[in-house]
Amino acid sequence: MSKSIRNVLVVNAGSSSLKFMLFNMETETMLAKGQVERIGIENSLFTYETNGFSEKKSPCEAPNHTAAIELVCNALIDANKGGCLSSFDDIDAVGHRTVHGGEKFSAPALLTDEVIAQIRDLIILAPLHNPASLQGIEGCKKVLPNVPHVGIFDTAFHQTMPEESYRYGLPTALYEKHGVRKYGFHGTSHKFVTQKAAEILGKPLDETNVITCHLGNGSSISAIKNGKCFDTSMGMTPLAGVMMGTRSGDFDPAIILFLLKQGYTPEQIDAMVNKEAGVLAMAGNGSSDMRDLVAARDEQGSKEAKLAMDRLVHSYTMYVGGYIALLGRVDAIIMTGGIGENSDKTREALLDRLAGLGIKYDHDKNVELRFGKGGLLSTEDSTIPVYVVPTNEELMIARETFELLSK
Ligand code: ADP
């Protein structure tokens, strides 16, 4: 690439939303951020922040993703809105969060027509997410045609898993014909906190073994061996693994056959296990949010909320415990994501369950390490150190975009 890369725009497109952040990569500082919501729906909403300027505008013109990105780029160069940039030419590259890279992408990729066609071929594996990523990519390419666009895949970091981790005990033909295997998700976050953990521990990345717990509305836990993903809790889809806000996590797959025989349609089952399950289904207060769950348990004394919390933490414990066994030596357990970074009550519940393995933590530190504050949570005599490491997926996408284009 001839032009040096300074400002990288990070775009995370959903089916009706587009989140963005602009970074200066010389200093790795965030220059602007915001989102367009309700794209293609009436009363679209634009939220924007830069240089001490902030705005929330609704309705705004966002009939499609191209219009949404136009709105973003016009705000970035608007002198009356903080004047973040002077022209579109100040955007040197765009990094696109792309959910499913299948087995094709184990690293960031320049979004050529061929790569875009490959992402389209992968829609079968991510029928909701990849079309949204493609809408974002195509919209941005129209508005910024002369800028390199890079795809950063949620699945890429997990491509180092050995076959014993990613294969299911199913006929090989399903893997060969249909790509039925574990892919894993949240890879950008697991990678970011793994690198941070190696730095904190003062170890070379390729000698670092950690368990990374990305706990949010969607959650996954990964076993990292020598700096690379060895196993992860999500599967072919993000439904597998630990219990989540609205996803069930692991359950007996024969239940789906049972429900089909009872007359439920595949669409009903899909909605039930992905959007109506997990904390939402069990908590009894109509919420999937951890803050509401803890309040219902501790302030209202709800038995259902207590059971939901116990079930959730039970599932975390099984993965962390299992991964300790798989890795043999664990240099640190890392907590991240909305819950991992902020919910002291959830960390407390998980770490109490791990006490039998000699994992000990400081109760005051546990309360202190929240709201973006990371640090060591465990006591000196803990068999495995435990850290809170705030994740930064957007910065990781900007870094990976920058690194690919600077090669
Ligand atoms: P996702 O990116 O998967 O949508 P997040 O990583 O933002 O989710 O995490 C959302 C979860 O984090 C919610 O369950 C929310 O309740 C929880 N969370 C956020 N802030 C706090 C807090 N201060 N205390 C407890 N839980 C919190």
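Each residue of the sequence shown is one higher than the one before, counting from 197 in our numbering. The beta-carbon is built from N, C-alpha and C at its ideal position, and this holds for glycine as well.
Just to confirm my understanding: we take residue i, look at its own chain, exclude 5 residues before and 5 after, and list those with CB closer than 7 Å. What are they?
i: L205; result: F216, L218, I287 and V290
i: Y371; result: R363 and R377
i: L547; result: I555, Y557 and V582
i: E359; result: none
i: D402; result: N422 and G423
i: L503; result: M478
i: N239; result: S254 and P255
i: N326; result: V295, H296, I315, L318 and I319
i: I593; result: V206, G291, R293, I348 and T384
i: F567; result: N538
Looking only at its chain, what residues have a beta carbon closer than 8 Å to the beta carbon of residue i, apart from the 5 residues adjacent to it on each side?
i: T160; result: Residue 160 lies beyond the range of the chain shown here (197 to 603); nothing can be said about it.
i: S578; result: G554, I555, K556 and Y557
i: T351; result: V295, H296, G297, G298, F301, Y379, G380, F381 and G383
i: L137; result: Outside the modelled stretch of the chain, which goes from 197 to 603, sits residue 137, for which no answer is possible.
i: E310; result: none
Using the C-alpha atoms, what's the distance from residue j back to residue i?
i: L522; j: A419; result: 8 Å
i: M468; j: L508; result: 17 Å
i: H559; j: E544; result: 8 Å
i: F301; j: F349; result: 7 Å
i: R202; j: H261; result: 25 Å
i: K277; j: S283; result: 13 Å
i: G474; j: I555; result: 27 Å
i: E590; j: E576; result: 33 Å
i: L306; j: I319; result: 19 Å
i: R487; j: R493; result: 10 Å
i: L267; j: G380; result: 33 Å
i: S250; j: S498; result: 40 Å
i: K471; j: I465; result: 10 Å
i: P462; j: A263; result: 34 Å
i: Q331; j: K561; result: 43 Å
i: V563; j: V516; result: 21 Å
i: R234; j: A551; result: 45 Å
i: K603; j: T404; result: 25 Å
i: H374; j: M221; result: 40 Å
i: D506; j: F447; result: 16 Å
i: M357; j: G431; result: 12 Å
i: L572; j: V584; result: 7 Å
i: F242; j: I273; result: 16 Å
i: K457; j: A450; result: 11 Å
i: L435; j: R443; result: 6 Å
i: E224; j: G570; result: 19 Å
i: S200; j: A275; result: 25 Å
i: E395; j: G365; result: 37 Å
Using C-beta distances below 6 Å, list every residue in its chain close to residue i, excluding the 5 sequence neighbours before and after it, in chain order.
i: A393; result: V406, A528 and I530
i: M197; result: The pLDDT assigned to M197 is 47, lower than 50, so where the model puts this residue is not dependable, and the model offers no usable value.
i: R549; result: T513
i: K541; result: V490
i: Y244; result: G230, E251 and A271
i: Y519; result: I407 and A419
i: I265; result: G335, C336 and V339
i: S226; result: The sequence given here has Met at residue 226, not Ser. Within the same chain, M226 has close Cβ partners M217 and F219.
i: S484; result: G441, T442, V475 and L476
Compare the beta carbon distance of residue i and residue j with 7 Å and say whether it is the shorter of the two.
i: G236; j: P259; result: yes
i: C280; j: T308; result: no
i: H510; j: T428; result: no
i: A209; j: A313; result: no
i: L321; j: G298; result: yes
i: C256; j: V339; result: no
i: E495; j: G480; result: no
i: V526; j: I580; result: yes
i: G459; j: N413; result: no
i: V343; j: P304; result: no
Quick check: does the Cβ of residue i come within less than 6 Å of any heavy atom belonging to the ligand ADP?
i: D548; result: no
i: G210; result: no
i: N538; result: yes
i: I535; result: yes
i: D485; result: yes
i: G279; result: no
i: N422; result: no
i: N239; result: no
i: E413; result: According to the sequence displayed, residue 413 carries Asn and not Glu. Yes - the ligand ADP has a heavy atom lying nearer than 6 Å to the Cβ of N413.
The ligand GDP and residue i: does the residue's C-beta get closer than 6 Å to at least one heavy atom of that ligand?
i: A303; result: What this structure holds is the ligand ADP, not the ligand GDP.
Every unbroken alpha helix (DSSP H) inside the stretch 380-461 [4 residues or more]: Correct list: 383-397 and 450-457.
Unbroken stretches of the beta strand (DSSP E), 3 residues or longer, contained in the stretch 226-280: Correct list: 240-246 and 249-256.
Entirely enclosed alpha helix (DSSP H) segments - the stretch 304-329, minimum 4 residues: Here the runs fully enclosed are 309-317.
Contained beta strand (DSSP E) runs [length at least 3] in the stretch 518-562, N- to C-terminal order: Within the stretch 518-562, the complete beta strand (DSSP E) runs of at least 3 residues are 528-532.
Every unbroken beta strand (DSSP E) inside the stretch 573-600 [3 residues or more]: Fully enclosed beta strand (DSSP E) runs of 3 or longer: 582-584.
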